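Residue numbering for the sequence shown follows UniProt numbering, starting at 1 and increasing by one per position.
Backbone N, C-alpha and C define an ideal beta-carbon position, used for all residues, glycine too.
Source: prediction; values computed, not measured.
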Amino acid sequence: MGKFHWNHLKLRDKLLLMYIFCVFVPIVLTNIVFYNVTTNNIKNQKSHDADIALEKLQGELRAVIDEAAGISYLYYIDPLLNQLLDKRYESQIEYVEAFNNIRSVFNKSEQAYKTTSSTVIYTDNPTVLSSGPIMPIADSVKQSVWYRAFMKTNVSYPMFIQDGETFSLVQKLNYIKGSGYDNVIKIDLNMATVKQLFANSGFEGQIYFVQPDGTVLYSNDSNVEWRSHGLNIEALPMPHNALSFDKVYTNNNYLNGWTLHGVINERSFLHDVRKSGSFVIYLALINFVLPSLIIAALSRSINKRLVQIVKHMKKVKNQHFETIPLDDARDEIGQLTGEFNRMTKRIDSLITDVYLADIQKKDMEIRQRQAQLHALHSQINPHFLFNSLETIRMRSLMKGETETARTIHYMAKIFRKSISWKRSWVSIREEIELTECFLEIQKYRFGDKLQYQLTIEEAVYDQMIPKMTFLPFVENASIHGIESSPGIGLIQIHVGITGNKLMFRLTDNGIGMSEAKLSELLNYLRMDDSIGDNVGMKNVYTRLKLCYKDSFEFDIRSEEGLGTTVELRLPLDMNGQ
1 MGKFHWNHLK LRDKLLLMYI FCVFVPIVLT NIVFYNVTTN NIKNQKSHDA
51 DIALEKLQGE LRAVIDEAAG ISYLYYIDPL LNQLLDKRYE SQIEYVEAFN
101 NIRSVFNKSE QAYKTTSSTV IYTDNPTVLS SGPIMPIADS VKQSVWYRAF
151 MKTNVSYPMF IQDGETFSLV QKLNYIKGSG YDNVIKIDLN MATVKQLFAN
201 SGFEGQIYFV QPDGTVLYSN DSNVEWRSHG LNIEALPMPH NALSFDKVYT
251 NNNYLNGWTL HGVINERSFL HDVRKSGSFV IYLALINFVL PSLIIAALSR
301 SINKRLVQIV KHMKKVKNQH FETIPLDDAR DEIGQLTGEF NRMTKRIDSL
351 ITDVYLADIQ KKDMEIRQRQ AQLHALHSQI NPHFLFNSLE TIRMRSLMKG
401 ETETARTIHY MAKIFRKSIS WKRSWVSIRE EIELTECFLE IQKYRFGDKL
451 QYQLTIEEAV YDQMIPKMTF LPFVENASIH GIESSPGIGL IQIHVGITGN
501 KLMFRLTDNG IGMSEAKLSE LLNYLRMDDS IGDNVGMKNV YTRLKLCYKD
551 SFEFDIRSEE GLGTTVELRL PLDMNGQ
């Protein structure tokens, strides 16, 4: 995949992206942030209101229970009542007279009719008759839940007990010691008042009145069967997003550890806010769809005319100079269309005058390059022929040997290949054969002073290159590098593939060049148009420039007294792979 660029996108997509990221997304994000802030504010306010409502209910319920407990304490400390209950009567008349004398004591309960529903005093004094609010502790009373629960304790303050569906305060009347009788007062709360307190609490959820062990004794939740007296608050199924509130009674003997546990489903008091969230979504969809349709319509108007201009520009590329039908558009595209038509007419009028002259000029340039190439070829042939003949001549003058015939064979082979210019490109195999012939001739000349080593990778033998590309560099290494060297000369040639290039490397251990001379040589090869002493290397560099343009790489590295390395990197011939 190519690298992403904004210019690769269509105009319609650019307009749509610009709207989405510059208008639509900021609006949606702003609405979302506003919605979340509003939701949190409402949630915090509702939670605060719920906490206040539950705290208010806690206080009101405490006041009701405290009033009943106050009545219980009044009975507890009343001396006349304690004297009535603890005395042993000789006759029923005696008890009736004593009861009538203290009847006004029982007016305490009548004054709290809204708080309490009944007040009953139980005694095991056998001489006390069942009359008014005084009842004997019969077996049925002893078997009752409230009585058994109370008798398990040994407290002097009123005990808060649930009796069926009624809340009661039970206390022993033992303020005066010594009679030996058990006297108990049981005050039942007015459950209608308790129910009304729960109903009017203002708490928008379920409230559970829980005793210290976690048992639910009362609730306004119609789905919870709290009357079974065995329901634990931990076993209640709570909503997923429930908010819990706890108000624990402290510093109170009969209510210490009891808790008002409130639960509100977050979804219930955020219902209206959720509706506004849906409205935000619908509004966002409208804000996206409607502008998208408008952008699509506008971009189609622009895109259609641009495509028409591009279509006619492609026709101009193929020399079909047609003008675009003009409409009444006055925007930038309409102006561009008019300018394109004027340009097309101008090109059409100039092409006739310029085209033929340009063709003639190009043809002359091509012929000039071909003539230059043939001239370069013709310069190479006598140059190599002269060197080869001079080598054989010098060797023959010094001594006559049978090797002369073989050397002449190599020379003839070089001569025969050099004069056949019908083929400008040869394979690496053929070029190496020609190079090896030349090196054998040089060995004939220098004897044991010259050694060479050829390393050719199998993959490159069929690669095609310009004819006699390597030979001038080999010649330069043997004559200018090895000949003047006092020791044994070694020429190493390696041809292979490096990356996506055909690489030719020639290394000799000759006399090398100074840095100044190397710089002068490179400048001559690459910049100078004149023909100097290194005619062979100059010709090769010029031919490679003509054949490969800037697609080849050429480098020479040399140190004086250490030798020279020449590297060529040529484009691979894919047909030769």
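Since I believe residue j is in contact with residue i (beta carbons under 8 Å), could you give me their beta-carbon distance rounded to a whole number of angstroms?
i	j	result
residue 82	residue 175	6 Å
residue 255	residue 65	6 Å
residue 442	residue 450	6 Å
residue 127	residue 95	6 Å
residue 337	residue 302	Rounded, the Cβ-Cβ distance is 12 Å, inconsistent with contact.
residue 92	residue 129	6 Å
Of the choices the options, whose alpha-carbon is the least far from that of residue i?
i	options	result
residue 196	517, 105, 115	115
residue 267	193, 205, 166	205
residue 285	518, 477, 28, 507	28
residue 563	444, 483, 193	483
residue 211	159, 494, 193	159
residue 622	429, 440, 432	Beyond the ends of the chain as shown, which are 1 and 577, falls residue 622; an answer cannot be given.
residue 189	169, 198, 183, 177	169
residue 321	142, 187, 478, 346	346
residue 264	318, 232, 497, 202	202
residue 133	106, 125, 157	106
residue 220	252, 207, 138	207
residue 248	18, 283, 51, 472	51
residue 24	281, 457, 333, 552	281
residue 318	348, 307, 342	348
residue 78	63, 62, 54, 103	103
residue 69	350, 252, 465, 40	252
In three-state terms, what does DSSP make of residue i?
i	result
residue 563	strand
residue 14	helix
residue 427	strand
residue 207	strand
residue 19	helix
residue 304	helix
residue 172	strand
residue 266	helix
residue 165	coil
residue 246	strand
residue 310	helix
residue 464	strand
residue 487	coil
residue 188	strand
residue 197	helix
residue 295	helix
residue 288	helix
residue 473	helix
Checking 8 Å against the spacing of the C-beta atoms, do residue i and residue j come in under that value?
i	j	result
residue 446	residue 474	no
residue 481	residue 508	yes
residue 548	residue 570	yes
residue 173	residue 85	yes
residue 467	residue 424	yes
residue 436	residue 470	no
residue 514	residue 567	no
residue 257	residue 234	no
residue 260	residue 57	yes
residue 572	residue 463	yes
residue 89	residue 184	no
residue 340	residue 312	yes
residue 497	residue 503	yes
residue 42	residue 119	no
residue 194	residue 167	yes
residue 61	residue 245	no
residue 306	residue 333	yes
What are the start and end residues of each continuous alpha helix (DSSP H) run of 4 or more residues lying completely inside the stretch 209-244, in chain order? List check, alpha helix (DSSP H) in window: nothing returned.
Contained alpha helix (DSSP H) runs [length at least 4] in the stretch 73-139, N- to C-terminal order: Segments of the alpha helix (DSSP H) lying fully in the stretch 73-139: 79-86, 92-101, 107-110.
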